[in-house]
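A.B. asks: Residue numbers for the sequence shown follow UniProt numbering, beginning at 1 and rising by one. By construction, the Cβ of each residue, glycine as well, lies at the ideal position given by its N, Cα and C atoms. Below is a structure I'd like to ask you about.
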Amino acid sequence: MGSVRLVKGEGHRPQPLGQAGGGGPGAFSGVLALLSATVAASLAALPPEIKATLEEIRLRRERPLQVRWAAGEGWVKAGGTLTTMPDQAYIVTANDLSQTIQALTRSSLYALEEELRSGYITVSGGHRVGLVGETVVRQGEIQTLKNFAGLNLRLARSIPGCARELMPYLLEQGRPLNTLILSPPRCGKTTLLRDIIRLFSTGIADLQFPGVNVGVVDERSEIAGCWLGAPQLEVGPRTDVMDRCPKAAGMLMLLRSMGPEVIATDEIGRPEELAALQDILNAGVTILASVHAGSLEELKHRPGWRPLLEQGFWQRLVILGRTLGPGTIEGLLSGDGQTLRRGPWRGEGKAC
1 MGSVRLVKGE GHRPQPLGQA GGGGPGAFSG VLALLSATVA ASLAALPPEI
51 KATLEEIRLR RERPLQVRWA AGEGWVKAGG TLTTMPDQAY IVTANDLSQT
101 IQALTRSSLY ALEEELRSGY ITVSGGHRVG LVGETVVRQG EIQTLKNFAG
151 LNLRLARSIP GCARELMPYL LEQGRPLNTL ILSPPRCGKT TLLRDIIRLF
201 STGIADLQFP GVNVGVVDER SEIAGCWLGA PQLEVGPRTD VMDRCPKAAG
251 MLMLLRSMGP EVIATDEIGR PEELAALQDI LNAGVTILAS VHAGSLEELK
301 HRPGWRPLLE QGFWQRLVIL GRTLGPGTIE GLLSGDGQTL RRGPWRGEGK
351 AC
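Here it is, written out as structure tokens:
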């Protein structure tokens, strides 16, 4: 596919592509509207149990159509039949990819250049689209992408209640505890984090917890799925979101401006972010965060993490995995590493 021409849009960003929230009944149909007719028809014909748990749709130019869902992955034939053989699948054409990119951007890549520098864009409903192709570099800085070779459309799904069974362990005397979610990729950490935020914000009557103000730094628009600044995914009535803001700066901005009792963010780890955590702790605000790690021992070997763990910064550690599917809690630990509840288990039997 040739370069998609950059054209100036009438506004700062394209208009929304529909307001179906992630995980709602209209979410999948809203995603299909972004795709070419042949690809959309093939995906619409997938078995209901696959569509209900679909996580990724991958379009690679002149290569087979691929999907991933909660329990596995496969290649898609024209007509919606799944196959384990890539040479039997529908081959995504340059036109399929071009049509999808045009729909995603409303034919205005110029308006999304800032997002394209990060290699992805977020669309209405909170769905995230990763893009690959030729980078345009000026003076050592990535400016944008062109000559797109493929995309990965990751479906955002809110699963209210998936964190409910966990909540009694994350509260003490009516106050949320500093909590860190440790998770390998594709184990549901952002979905679990989102539901904890929602419950902290909304309150839980049977735990006599009225709810608190929560500030969210959503650097990649994955937690709240903001569109034009407004959350598309349910994060609770007392939640304020700083969208597409670097985590270290965003946490301090929220601390100064919004008076949160809890500050939440995803995939923390840079030195400046760990330093900001110390400032938040000294201000008496609870931290809720996640990190890419498969175990506590793995995390201890990451630069900057051992002091935070040994000093008792974290009061709860939630270890995620996929033993029972995405969102499996493999273990729940206190800040000093003592087991509070053994896994595997899932909140209310719900996969994140």
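Taking a contact to mean a Cβ-Cβ separation below 8 Å, would you say residue 158 touches residue 234 in this structure?
C.D. replies: Looking up residue 158 in the sequence shown gives position 158. Looking up residue 234 in the sequence shown gives position 234. Judged by their CB atoms, residue 158 and residue 234 are nearer to each other than the 8 Å cut-off.
A.B. asks: Taking residue 257 as part of the alpha helix (DSSP H), name the residues at either end of that continuous run.
C.D. replies: Taking the first residue of the sequence shown as position 1, residue 257 is located at position 257. Here the alpha helix (DSSP H) through residue 257 covers 247-257.
A.B. asks: Using 8 Å as the cut-off, can you tell me whether the stretch 182-198 makes contact with the stretch 137-152, which would need three or more C-beta pairs spanning the two stretches below that distance?
C.D. replies: no
A.B. asks: In the DSSP assignment, find the unbroken beta strand (DSSP E) run with residue 287 in it and report its ends.
C.D. replies: In the sequence shown, the residue the question calls residue 287 occupies position 287. 286-292 is the extent of the beta strand (DSSP E) around residue 287.
A.B. asks: If you draw a straight line from the C-alpha of residue 161 to the C-alpha of residue 217, how long is it?
C.D. replies: Taking the sequence shown and counting its residues from 1, the one referred to as residue 161 is at position 161. Taking the sequence shown and counting its residues from 1, the one referred to as residue 217 is at position 217. For residue 161 and residue 217, the distance between alpha carbons rounds to 22 Å.
A.B. asks: Does the Cβ-Cβ distance between residue 179 and residue 316 come in under 8 Å?
C.D. replies: As a working mapping, residue 179 is identified with position 179 in the sequence shown. As a working mapping, residue 316 is identified with position 316 in the sequence shown. Yes, these two residues count as a Cβ contact at 8 Å.
A.B. asks: Can you tell me which of the three DSSP states residue 186 falls into?
C.D. replies: The residue labelled residue 186 in the question sits at position 186 within the sequence shown. Of the three classes helix, strand and coil, the one that applies to residue 186 here is coil, per DSSP.
A.B. asks: Are any of the Cβ atoms in chain C nearer than 8 Å to that of residue 171?
C.D. replies: The structure shown contains no chain C; it holds only a single protein chain.
A.B. asks: Counting only the same chain and skipping the five closest in sequence on each side, list residues whose C-beta sits under 7 Å from that of residue 189.
C.D. replies: To locate residue 189, count along the sequence shown from 1; it is residue 189. Excluding sequence neighbours, residue 189 sits near 181, 183, 290 and 320.
A.B. asks: Hey, how far is the Cα of residue 168 from the Cα of residue 144?
C.D. replies: As a position in the sequence shown, residue 168 is number 168, starting the count at 1. As a position in the sequence shown, residue 144 is number 144, starting the count at 1. If I take the Cα positions, the gap works out to 46 Å.
A.B. asks: Where in the stretch 47-74 do unbroken runs of the beta strand (DSSP E), each at least 3 residues long, occur, reported from the N-terminal end onward?
C.D. replies: You should have 54-60 and 66-69.
A.B. asks: What do you get for residue 22, buried or exposed, if any count of 16 or more other CB atoms within 10 angstroms of its CB means buried?
C.D. replies: Translated into positions along the sequence shown, residue 22 becomes position 22. Because residue 22 carries a pLDDT of 47, less than 50, the predicted location of this residue cannot be relied on, and no value is offered for it.
A.B. asks: Who are the near neighbours of residue 339 in its chain, counting only those whose CB is closer than 8 Å to its CB and skipping five residues on each side?
C.D. replies: For this step, residue 339 is matched to residue 339 along the sequence shown. Only 331, 332 and 333 meet the Cβ criterion.
A.B. asks: Under the rule that 16 or more other beta-carbon atoms within 10 Å means buried, what is residue 123, buried or exposed?
C.D. replies: The count along the sequence shown starts at 1 and reaches residue 123 at position 123. The residue in question, residue 123, is buried, as its Cβ has 16 or more Cβ neighbours within 10 Å.
A.B. asks: List, from N- to C-terminal side, the beta strand (DSSP E) runs of 3 residues or more that fit wholly inside the stretch 143-190.
C.D. replies: 179-183
A.B. asks: Specify the secondary structure class of residue 336 as computed by DSSP and reduced to three states.
C.D. replies: If you number the sequence shown from 1, residue 336 lands on position 336. It is coil, neither helix nor strand.
A.B. asks: With a Cβ-Cβ cutoff of 8 Å, do residue 255 and residue 283 count as a contact?
C.D. replies: Translated into the one-based positions of the sequence shown, residue 255 becomes position 255. Translated into the one-based positions of the sequence shown, residue 283 becomes position 283. Yes, Cβ-Cβ distance for residue 255 and residue 283 is below 8 Å.
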